[in-house]
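Visitor:
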Amino acid sequence: MSWRRVRLLIWKEFLQLRRDRSMLPIIFIMPVLQLILFGYVIGTDVKDLRTAVVDRDGSVESRLVVDSFVNSGYFLDVAHPVDEAAMQKLLDGNKAQVAIIIPEGFSDLVREKRPTEIGIVVDGSDSKTASVASGYAQQVVAALSGKLYPGRLTASSSGVDAQVRVLFNPTMRAVNTMVPALLAFILMMSTQTTMSQAIVKERERGTLEQLFVTPIGRAEYLIGKLVPYVLIAFIQITLVFTIGTLWFKVPFNGNLLVLGAGLALFALTALGLGLMVSLLSRTRYQAQQATTFLMVPSMMLSGFVFPLESMPKILYPLSYLVPLRYILVVVRSNFLKGSGFVALWPQFLAMAIFSAAIFGFGLSRFRKQLND
Amino acid sequence: MSTAPQTDELALDVRDLRRTFKDVVAVDGVTMTVPRGEVFGLVGPDGAGKSTLIRMMATVLAPTDGDVLVFGRSVRTEAAKVKPRIGYMSQAFSLYRDLTVRENLEFFAELRGVPRKDMAARSARLLEFSGLTEFAKRQAQFLSGGMKQKLALAATLISEPDLLFLDEPTTGVDPVSRREFWRIISGLHSEGITVFVATPYMDEAERCDEIAFMTHGRIILRDTPAGMKNRVPGRVVEINASDYRAAMPIVRALPFVSSVEVSGEYLRVLVTRDDATAETGLRTALEAAGLRVDRVRPVATDLEMAFATLIPTAVLPHHDTTDEILAVAE
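As they're listed, the protein sequences go chains A and B.
Per this note's numbering: the first sequence = residues 1 to 372.
Per this note's numbering: the second sequence = residues 1 to 330.
#1: For residue 167 of chain A, count neighbouring C-beta atoms within 10 Å of its own C-beta (all shown protein chains included) and say buried if the count is 16 or more, exposed if not.
#2: From residue 269 of chain A to residue 354 of chain A, what distance separates their C-alpha atoms?
#3: Would you mind stating whether residue 274 of chain A and residue 348 of chain A have Cβ atoms separated by less than 8 Å?
#4: Given a threshold of 16 other Cβ atoms within 10 Å of its Cβ, counted over all protein chains shown, does residue 48 of chain A qualify as buried or as exposed?
#5: I'd like the list of long-range same chain contacts for residue 218 of chain B, defined as Cβ closer than 7 Å, with 5 residues on each side in sequence excluded.
#6: Could you compute how far the alpha carbon of residue 231 of chain A sits from the alpha carbon of residue 47 of chain B?
#7: Would you call the region 135 to 142 of chain A and the region 66 to 81 of chain A touching, i.e. three or more CB-CB distances under 8 Å?
#8: Closer than 7 Å by beta-carbon distance: list the chain B residues that pair up with residue 216 of chain A, in chain order.
#9: Could you tell me whether the region 49 to 66 of chain A touches the region 189 to 199 of chain A, where touching means 3 or more Cβ pairs closer than 8 Å?
#10: Determine, using beta carbons only, whether residue 60 of chain B comes closer than 8 Å to chain A.
#11: Name the one or two DSSP bridge partners that residue 100 of chain B has.
#12: Answer yes or no: do residue 51 of chain A and residue 91 of chain A have a C-beta to C-beta separation smaller than 8 Å?
#13: Going by the beta-carbon positions, is the gap between residue 185 of chain B and residue 109 of chain B smaller than 8 Å?
#14: Using beta-carbon positions only, say whether residue 331 of chain A and residue 103 of chain A come within less than 8 Å of one another.
#15: Give a yes or no on whether 8 Å exceeds the smallest Cβ distance from residue 103 of chain B to chain A.
#16: Could you tell me which of B:272, B:251, B:256 sits nearest to residue 262 of chain B, measuring between CA atoms?
#17: Output, in sequence order along the chain, the residues in the region 186 to 216 of chain A whose CB is closer than 8 Å to any CB in chain B.
#18: So, for residue 39 of chain B: in the same chain, excluding its five sequence neighbours on each side, which residues have a beta-carbon less than 6 Å away from its beta-carbon?
#19: Please report how far the alpha carbon of residue 14 of chain B lies from the alpha carbon of residue 226 of chain A, in whole angstroms.
#20: Please state whether DSSP places residue 95 of chain B in a helix, a strand or coil.
#21: At a Cβ threshold of 8 Å, is residue 123 of chain B touching chain A?
#22: Which one of B:285, B:239, B:49, B:265 has the shortest CA to CA distance from residue 255 of chain B?
#23: For my contact list, residue 334 of chain A and residue 254 of chain A are in at a C-beta cut-off of 8 Å; report their separation, rounded to the angstrom.
#24: Helix or strand or just coil, what does DSSP make of residue 233 of chain A?
#25: If you draw a straight line from the C-alpha of residue 119 of chain B to the C-alpha of residue 4 of chain A, how long is it?
#26: Using a cut-off of 8 Å between C-beta atoms, extract the partners of residue 365 of chain A located in chain B.
#27: When the Cα of residue 97 of chain A is compared with those of A:110, A:83, A:107, A:78, which residue comes out closest?
#28: For a contact meaning CB atoms closer than 7 Å, what does residue 80 of chain B contact in chain A?
#29: Have a look at B:201, B:287, B:283 and flag the residue whose alpha-carbon is nearest the alpha-carbon of residue 42 of chain B.
#30: Exposed or buried, which one is residue 277 of chain B when buried takes at least 16 other CB atoms within 10 Å?
#31: In terms of residue numbering, what span does the beta strand (DSSP E) encompassing residue 214 of chain B cover?
#32: What is the residue span of the alpha helix (DSSP H) that residue 12 of chain B lies within?
#33: Excluding the 5 residues flanking residue 364 of chain A on each side, which residues of the same chain have their C-beta closer than 6 Å to its C-beta?
#34: What residues in the region 81 to 93 of chain B have a beta carbon less than 8 Å from any beta carbon of chain A?
#35: In whole angstroms, what is the alpha-carbon distance linking residue 268 of chain B and residue 174 of chain B?
#36: Compare the C-beta of residue 225 of chain A against all C-beta atoms of chain B and say whether one is closer than 8 Å.
Here you go:
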């Protein structure tokens, strides 16, 4: 192992990177852009739901219902259609996302302390908004029934749930779980894509063959290739971390050592996968396609976008094969709950096994590739 | 060669070398030696296995079977000892396009362990030698085809190898640069460097000390350029007739004609008679058929004609080398 040669390769890689005018902006703008996109677009809470009210009762109690919804901050009273047909039109035209129907005689039943109900209609065309809206509506109704029927315990099941949220994500901000997840996701995207291109590019251009006539060893070559991209990836996630905590105000309750160790271990699995793609591909285009192909199941089966709990039972075991699944648990619980190695050891172990297996396989392929 | 050369006098000792890609046999049992200090040419049609042979000799590709000894060291078991002594220039440009001329030179020099103190002098000399001094700061991708090839040669020369493998180094290069390139090779030759060069051009093959003809993965002929030509049975006569297409069958039917080739507007005929009766015979036969004959004259046998007669027509390399050069020049 000659450090002179390794340093030379790293120098060469950075020199090429500097020459590539399209690369540098991508390296620094991409993570910031992704953070902003995920932070604002996907991660933003559902607020100010446009709400139509059909008040058939027209009483003090019915106005209390409407006020409770509006005061929760999630619902915006936008229209008072005269009947359900008019309400339907508002929903169809997306003028309203939610409708509250207070039946005639509502106040009479409340005063007599007899069970009653109000109708809530939610536009289900956007499933995420719909589920969030109905969740909010149930909470509002639960609080309302406590107020209207004092002393009587309501059959609300949100008690436990609400407590969990109060503990770890009191404001229920989706961005608090999104930013930690993005650290892992951007690390994966960046290292896997650059690594998958790294070797196949040299093969395609013939420079790999030229390197083979020099005394450079496999390990030297590999380290020379990995180091620049690992450095860049860590600069990227530092950027995400900084913007995430300072701009998006995501509270960091964890430990940088645990977070760093988790991300480093995860980076190895991503680099290993990228290396494998690069070795198995004949052209850069192939490598690009393969990387995209690997990325989609990672996003779907890891709990990055969709909760693992909502996955069909048959697909659930597949999620264990996705390294991103483990790092997401690590970053999210470390970030929000401050979980350390003691709580997270199963995830660390899983990632260690993955990186050893993937990297081992990649290295053995690399050995063979020299003579192909 | 009069006596069998000693092992240490051999730059290359190829022993029953084979390489298959899946079920395609690219190199099918090549055995040959190349003495130290020679410029050795490898000719043959596309797909003959020339590049595969060179890549194995240059330690880039593992042989399926057999071995190559480079200065007595096996490419299979002692590749690390072979690499420092050789330089390899592949058919396609294989330096870093986005690095400058000087950066490429320095990169490969460092990689091959050229002492830092020698670096400046050597790269200055090579830049001068290849005429690239004024382009030292230009990125390789912005060089012309000929300059790229000279840079690639300079990069392989910076570690001062004893043996140089060149795989069609001048393909796609303009005639002026080709000539310059060969001037450089002659220079290396006089310094005692062994050069093993694959080429599709017969005029380049003429400049080699020895030539091997490769086809279908085998070396089927090996000789000096003069020796190749001497093998041709008979001598060559060139005919300039008014309609060479019509002339072809007439000439071919004559008893003392062993082969006919079209070369541009001329017919090149291999005759088995040593005296001028061949020329008169040709002229008489053509004029009897009503063709106008402008000229019938004996010419020196060239390599192209030699291969045309010595090798079955189906496996011939580039026929119209001259035309190609003209086309490039235009």
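The beta-carbon is built from N, C-alpha and C at its ideal position, and this holds for glycine as well.
Guide: Taking the definition as stated:
#1: Its pLDDT being 32, under 50, residue 167 of chain A is placed unreliably by the model, and the measurement read from it follows with that caveat. Exposed.
#2: Straight-line Cα distance between these residues: approximately 6 Å.
#3: Taking 8 Å as the Cβ cut-off, residue 274 of chain A and residue 348 of chain A do not qualify as a contacting pair.
#4: Classification of residue 48 of chain A: exposed, given that the 10 Å Cβ count is below 16.
#5: Shown here for residue 218 of chain B: same chain residues with a beta carbon closer than 7 Å to its own, the five before and five after excluded, namely 28, 29, 30 in chain order.
#6: CA-to-CA, the gap between residue 231 of chain A and residue 47 of chain B works out to about 44 Å.
#7: Taking a cut-off of 8 Å for Cβ pairs, the region 135 to 142 of chain A and the region 66 to 81 of chain A touch, as three or more such pairs fall below it.
#8: In chain order: 111.
#9: Here the region 49 to 66 of chain A does not lie against the region 189 to 199 of chain A, with fewer than 3 beta-carbon pairs under 8 Å apart.
#10: A Cβ of chain A is located within less than 8 Å of the beta carbon of residue 60 of chain B.
#11: Residue 100 of chain B pairs with B:139.
#12: Note that the C-beta distance between residue 51 of chain A and residue 91 of chain A is not below 8 Å.
#13: The answer is no: Cβ separation not under 8 Å.
#14: If you check the CB distance, residue 331 of chain A and residue 103 of chain A do not come in under 8 Å.
#15: Taking 8 Å as the CB threshold, residue 103 of chain B lines the interface with chain A.
#16: Considering only alpha carbons, the answer is B:251.
#17: Considering only beta carbons, the part of the region 186 to 216 of chain A lying closer than 8 Å to chain B consists of 205, 206, 207, 209, 210, 211, 212, 213, 214, 215, 216, in chain order.
#18: Within the same chain, 189, 195, 208, 209 come within 6 Å of residue 39 of chain B by CB-CB distance, once the 5 residues on both sides are set aside.
#19: Straight-line measurement puts the Cα of residue 226 of chain A at about 38 Å from the Cα of residue 14 of chain B.
#20: Here residue 95 of chain B sits in coil by DSSP.
#21: Not an interface residue.
#22: Nearest to residue 255 of chain B by alpha-carbon distance, out of B:285, B:239, B:49, B:265, is B:285.
#23: Contact check for residue 334 of chain A and residue 254 of chain A: beta-carbon distance about 4 Å, within the 8 Å limit, so the pair qualifies.
#24: Residue 233 of chain A falls in the helix class under three-state DSSP.
#25: Roughly 15 Å between the two C-alpha positions.
#26: Under the 8 Å cutoff, chain B gives no residues; its nearest Cβ is about 15 Å from residue 365 of chain A.
#27: Of the candidates A:110, A:83, A:107, A:78, the residue whose Cα lies closest to the Cα of residue 97 of chain A is A:78.
#28: Here the neighbours are 215.
#29: Measuring from the Cα of residue 42 of chain B, the nearest candidate turns out to be B:201.
#30: That one is exposed.
#31: Note, residue 214 of chain B: beta strand (DSSP E), 210 to 215.
#32: Per DSSP, residue 12 of chain B lies in no alpha helix (DSSP H) segment; the continuous beta strand (DSSP E) that holds it begins and ends at 10 to 21.
#33: Here the set comprises nothing.
#34: If the cut-off is 8 Å between Cβ atoms, the region 81 to 93 of chain B has 83, 84, 86, 87, 88, 90, 92, 93 near chain A.
#35: Residue 268 of chain B and residue 174 of chain B: Cα-Cα distance of roughly 27 Å.
#36: Taking Cβ atoms only, chain B never reaches closer than 8 Å to residue 225 of chain A, which makes this a no.
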